[in-house]
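Residue numbering for the sequence shown follows the numbering used here, beginning at 1 and increasing consecutively.
Every residue gets a Cβ at the ideal spot worked out from N, C-alpha and C, and that includes glycine.
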Amino acid sequence: MQEILSSVAAEIRIDLAERSYPIVIGSGLLGDSGIYQDIPTAATALVVSNTTVAPLYAAQLTQALQQRYDKVLLVTLPDGEAHKDWPTLQLIFDVLLENGCDRKTVLFALGGGVVGDMTGFAAASYMRGVPFVQVPTTLLAQVDSSVGGKTAINHPLGKNMIGAFYQPLKVICDLDVLATLPSRELSAGLAEIVKYGPIADMEFLSWIESNLESLLAREPRAMAHAIQRSCEIKAWVVSQDERESGLRAILNFGHTFGHAIESGLGYGEWLHGEGVGCGMVMAAHLSERLGLVDKLFTERLTHLVQRCGLPVRGPVLSSSDNAGRYLELMRVDKKSEAGEIRFVVIDGPGKAAVRSAPDAMVRSVIDLCCA
Ligand code: NAD
Ligand code: GLY
1 MQEILSSVAA EIRIDLAERS YPIVIGSGLL GDSGIYQDIP TAATALVVSN TTVAPLYAAQ
61 LTQALQQRYD KVLLVTLPDG EAHKDWPTLQ LIFDVLLENG CDRKTVLFAL GGGVVGDMTG
121 FAAASYMRGV PFVQVPTTLL AQVDSSVGGK TAINHPLGKN MIGAFYQPLK VICDLDVLAT
181 LPSRELSAGL AEIVKYGPIA DMEFLSWIES NLESLLAREP RAMAHAIQRS CEIKAWVVSQ
241 DERESGLRAI LNFGHTFGHA IESGLGYGEW LHGEGVGCGM VMAAHLSERL GLVDKLFTER
301 LTHLVQRCGL PVRGPVLSSS DNAGRYLELM RVDKKSEAGE IRFVVIDGPG KAAVRSAPDA
361 MVRSVIDLCC A
């Protein structure tokens, strides 16, 4: 058998008492059976992937898992945000039931955030909960969605509206898989990396500004550092507030505007990271209008988002009342309370807060920021 050469660049622990787990970042991890040694063995493992990722990476993962599981099944879902729905979720349950999978069966999510969120939700619900492992293959999934246990599917009326908090046993971030990621998806992942600067660590924001060319060139050392620091910040936040009763909401900086763009245009038209990038610019303008940051801060963030290759102007969602349509969409948000929209704003560089704002102020931001 061919020897797999793997190297672990970093290991971060997410501290959640009996639900604690490691996030491993490195090269050559996917096909290294040693990486899976600490995951409980069982009769069956089910790899959940999609039509794009499975042909690229499912064989490597399956071969490594065959050394620990009697039977390794694969279910290949249709690709795309538009398929993050009930019928696609059902395909996972079909395979589990058709193969008589018991409650020790381990699910492996091999893909981006869509596969990860759906596999996690399937794991949370099948027989009221089976173990699962995240093997994220997009930059966005490695720095954000695979960590922290938020699982969900979309509803036509709102994004990620149906789901559960359910933690994986382990997160395995193999840097090598990023080589095949389309540039547009790389930029989408950079949006979530940039997010961690203004909400928690301005030194990291400066580091991103200085190293952006290396990140865009997928230079492994720069990538490893960006993923490590992002996961450290996310682990720090989630460890304090697993179920988003307060602090965790700061991870949604840019998401209120971004989700409105995603659902308003129809899922899949703009990438999630594109919505977040543009949404951060809009949220920075709102923070400025609330008197929390100065114009220079908004300009700095806008420039960086643009350099990442992300849109900084929002789309027009309605030709009759564009701002009204954004407001209508933003009210369907998990942070809303009694119909009042709550935004993550920057309350001074490196610090985020959740605030409401007068509709007139939000309208003026939308009018300013939309093409
Ligand atoms: P995605 O899962 O749709 O993946 C993007 C595209 O890249 C897809 O076409 C996918 O097939 C392809 N792909 C994946 N890995 C590849 C690789 N290595 N090489 C080539 N192609 C590859 O999108 P995403 O940006 O990874 O995730 C977005 C989703 O994550 C959204 O649904 C969002 O709501 C969710 N999300 C969840 C959380 C959370 O905390 N659970 C956080 C952020 C985002
Ligand atoms: N991506 C936001 C969160 O995990 O809370």
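Could you check whether Ile-35 and Cys-173 sit closer than 8 Å to each other, using their CB atoms as the reference points?
Along the sequence shown, one-based indexing puts residue 173 at 173. Along the sequence shown, one-based indexing puts residue 35 at 35. Not closer than 8 Å, so no.
For the beta strand (DSSP E) that contains Ile-23, what are its first and last residues?
Within the sequence shown, residue 23 is the residue found at index 23, counting from 1. Element bounds for Ile-23: 21 to 27.
What does a CB cutoff of less than 7 Å around Leu-91 pick up in its chain, not counting 5 residues either side in sequence?
For the purposes of this step, residue 91 is taken as residue 91 along the sequence shown, with counting starting at 1. Counting only Cβ-Cβ distances below 7 Å, and skipping sequence neighbours, we find Val-75 and Leu-77.
Between which two residues does the alpha helix (DSSP H) harbouring Glu-262 extend?
Within the sequence shown, numbered from 1, the residue matching residue 262 stands at position 262. Counting along the chain, the alpha helix (DSSP H) containing Glu-262 begins and ends at 255 to 265.
Take the Cβ of Met-1 as the centre, count every other Cβ of all protein chains shown within 10 Å, and call the residue buried at 16 or more, exposed below.
The residue labelled residue 1 in the question sits at position 1 within the sequence shown. Note that Met-1 has pLDDT 46, beneath the 50 cutoff, so the model's placement of it is unreliable and the number below is only indicative. The residue is exposed, with fewer than 16 neighbouring Cβ atoms inside 10 Å.
Go through its chain and collect everything with a Cβ distance to Cys-101's Cβ below 6 Å, but skip five positions before and after it.
Along the sequence shown, read from residue 1 onward, the residue named residue 101 stands at position 101. If we look at Cys-101 and ignore the five residues flanking it on each side, its Cβ neighbours are Thr-44.
Measuring only the C-alpha atoms, how far is Pro-182 from Phe-93?
Residue mapping note: residue 182 aligns to position 182 of the sequence shown, counting from 1. Residue mapping note: residue 93 aligns to position 93 of the sequence shown, counting from 1. So the two alpha carbons sit approximately 30 Å from each other.
Burial state of Asp-144, where buried means 16 or more other Cβ atoms lie within 10 Å:
Position 144 of the sequence shown holds residue 144. The residue is buried, with at least 16 neighbouring Cβ atoms inside 10 Å.
Confirm, please, whether the CB-CB distance from Pro-131 to Leu-169 is below 8 Å.
Residue numbering aside, residue 169 sits at position 169 when the sequence shown is read from its first letter. Residue numbering aside, residue 131 sits at position 131 when the sequence shown is read from its first letter. Yes, the pair counts as a contact, with Cβ atoms nearer than the cut-off.
When you measure from the CB of His-272 to every non-hydrogen atom of the ligand NAD, does any distance come out below 7 Å?
In the sequence shown, residue 272 corresponds to position 272, counting from 1. Yes; taking the cut-off as 7 Å, the Cβ of His-272 has a heavy atom of the ligand NAD nearer than that.
Using a Cβ-based criterion (distance less than 7 Å to any ligand heavy atom), does Glu-185 qualify as near the ligand NAD?
As a working mapping, residue 185 is identified with position 185 in the sequence shown. Yes - the ligand NAD has a heavy atom lying nearer than 7 Å to the Cβ of Glu-185.
According to DSSP, which residues form a beta bridge with Val-72?
On the sequence shown, position 72 is the one that residue 72 refers to. Bridge partners of Val-72: Ala-45.
Please classify Gly-149 as buried or exposed, where buried requires at least 16 other C-beta atoms within 10 Å of its C-beta.
To locate residue 149, count along the sequence shown from 1; it is residue 149. Its Cβ being crowded by 16 or more others within 10 Å, Gly-149 is buried.
Integer Cβ distance of Ile-23 from Cys-231, believed to fall under 8 Å:
In the sequence shown, the residue the question calls residue 23 occupies position 23. In the sequence shown, the residue the question calls residue 231 occupies position 231. Yes, Ile-23 and Cys-231 are in contact; Cβ-Cβ is about 5 Å, under 8 Å.
Taking the alpha carbon of Arg-398 as the point to measure from, which residue in Leu-110, His-225, Ile-366 and Leu-107 has its own alpha carbon closest?
Here the chain comprises residues numbered 1 to 371, so residue 398 is not present and cannot be evaluated.
Length-filtered (4 minimum) alpha helix (DSSP H) runs lying within the segment 71 to 107
86 to 98
Taking the C-alpha atoms as reference points, what is the distance between Ala-260 and Asp-70?
Locating residue 260 in the sequence shown gives position 260, counting from the first residue. Locating residue 70 in the sequence shown gives position 70, counting from the first residue. Going from the Cα of Ala-260 to the Cα of Asp-70 covers about 45 Å.
Evaluate contact between the segment 45 to 64 and the segment 238 to 248, counting only Cβ atoms and requiring at least three cross-stretch pairs below 8 Å.
no
Helix, strand or coil at Cys-370 according to DSSP, with G and I counted as helix
The residue you call residue 370 lines up with position 370 of the sequence shown. Correct three-state label for Cys-370: strand.
Would the beta-carbon of Val-194 be found less than 7 Å away from any heavy atom of the ligand NAD?
As a position in the sequence shown, residue 194 is number 194, starting the count at 1. Val-194: no, Cβ never under 7 Å from the ligand NAD.
Between which residues of its own chain and Ala-222 is the CB-CB distance below 7 Å, once the five residues before and five after are set aside?
Residue mapping note: residue 222 aligns to position 222 of the sequence shown, counting from 1. The residues are Asn-211, Ser-214 and Leu-215.
Out of Phe-253, Leu-29, Pro-40 and Leu-157, which one is the CA nearest neighbour of Leu-110?
By one-based count along the sequence shown, residue 110 stands at place 110. Looking at the Cα atoms, Leu-29 is the closest of the given residues.
Grouping DSSP H, G and I as helix and E and B as strand, with all else coil, what is Gln-134?
In the sequence shown, residue 134 corresponds to position 134, counting from 1. Here Gln-134 sits in strand by DSSP.
Which residue marks the beginning of the alpha helix (DSSP H) containing Arg-300, and which one marks its end?
One-based indexing of the sequence shown puts residue 300 at position 300. Segment 295 to 307, the alpha helix (DSSP H) holding Arg-300.
Beta carbon proximity, Ile-162 to chain B, threshold 8 Å
Reference to chain B is not applicable here, since this structure consists of a single protein chain.
Nearest CA to the CA of Glu-192: which residue from Val-47, Gly-268, Lys-334 and Thr-138?
Along the sequence shown, one-based indexing puts residue 192 at 192. For Glu-192, the nearest C-alpha among the options comes from Thr-138.
Can you pull the DSSP bridge partners for Ala-58?
Residue mapping note: residue 58 aligns to position 58 of the sequence shown, counting from 1. None; Ala-58 has no bridge partner.
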